[in-house]
Structures are given as structure tokens and as C-alpha cells.
Amino acid sequence: MLEYSLGHQKAIDMVTQRRKVDLRKLELTDCDWEISEQLWDVLKILKDTTLFFSRSTPNLATVIPAMDLINERLTMYSRSKKYLPSICAAVRLAKLTLNRYYQMTDKSDVYCIAMVLHLRHKLSYFKMAHWEEEWIETAETLVRTEFNCSYLELEIIDNNTLMDAGPTVDNSQTVRSV
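So in the working numbering, spot 103 of the sequence shown is number 88, and the numbers just go up one at a time.
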């Protein structure tokens, strides 16, 4: 919607300036247009991420890197002198929401396990993202514990069938904040 409005700014201005149509009260000021442009710029990363996860190929191992990218961009936007103070304040609120999502992933072992088991990521992603060494060790321990509890004791009945060893253990760790 913002993209469309910005692309049709002249037409919108012309329509709202017509007195007969009584749309003058809806006319956007130069400041309104500036806010619209800045919002479009800031919201683009969220739109792109939404479209990415709406495709048929997203997987859990891409969630945390996507959140890290969003966090990086939002941090940049919140500190930029290019944006109005109101936009920077809105971006800081968005970062608070993102941190709540980070906390939700921290409470679910599945995200961490998916990252460690992903062929491209393994533990190197956490190191590259400058996670604390304690968190990296926790991630590795989490995967090993899940394997030991869920798969190590499985008996192979034949080449295609495994016998269940029992329930998995919840290894939820402390919450990591960004």
C-alpha cells in the first residue's frame, strides 16, 4: 500500500486538492509523505521476510538467520540520522517485539537443533553470529542430549524399521536476548 501510494503521489495530491470532491481534509502534507517514504524503507525488510517464509521452501534453520538480519537492519534504522525521530521510536518498538520472538525460539529446542543439524550452518553459524561460547556449548549439548535420549537406544528391527526408545526430554535453556 505504501509502495503504491508513493508511486502515485502526484495523482493522489491532484485528487485530494479538488474542492468539489471534498477530499481536501485527506490531503497529505510534505511531512506525511516523508513519513510514508521512511516507513516504506523500514518496513521493506519485514515484507521481504514475510514473502520468503510464505514460499514453499522455508525451513526452521532459516528462521534464526532471518531474525538476525531483521535485528541488524532495525538496529541500523533506529540509529540512523536519516530517519525522523518518530520512525526511530517505532523501529525501537519493533525491536522489542523481535526480542519477544527471539525469546520464544529460545524456549523451543527445535530451532536450535534445526540450526545445528543444518548442513550449511552447524555450529559455525553461532560462532559467525558472535554468540557467547556458553550458548554455543549449550546448543551442542542440546543436540547430543536429544540424540542420546531419542535415537541412541533405538533397536533396529530390520533395515526399514526402528523400535521407539521412549519419550524425549525437554532441554529448554535460559533465554538469550539480543
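Cβ atoms here follow ideal geometry from the backbone N, Cα and C, with glycine treated the same way.
- One Cα belongs to D15, the other to V27, and the distance between them is close to 18 Å.
- Its chain contains W25 as the residues whose beta carbon lies nearer than 8 Å to that of E(-12), once the 5 sequence neighbours on both sides are disregarded; these appear in chain order.
- Judged by DSSP in its simplified three-state form, E(-12) adopts helix.
- Assignment of E125 by DSSP, reduced to helix, strand and coil, places it in the helix class.
- Here E119 carries a helix assignment [DSSP, helix/strand/coil].
- In the three-state DSSP reduction, E57 falls in the helix class (H, G or I).
- Here R77 is not near S65, since their CB atoms are 8 Å or more apart.
- Three or more beta-carbon pairs drawn from the stretch 89 to 107 and the stretch 43 to 54 are found closer than 8 Å, and the two stretches are therefore classed as touching.
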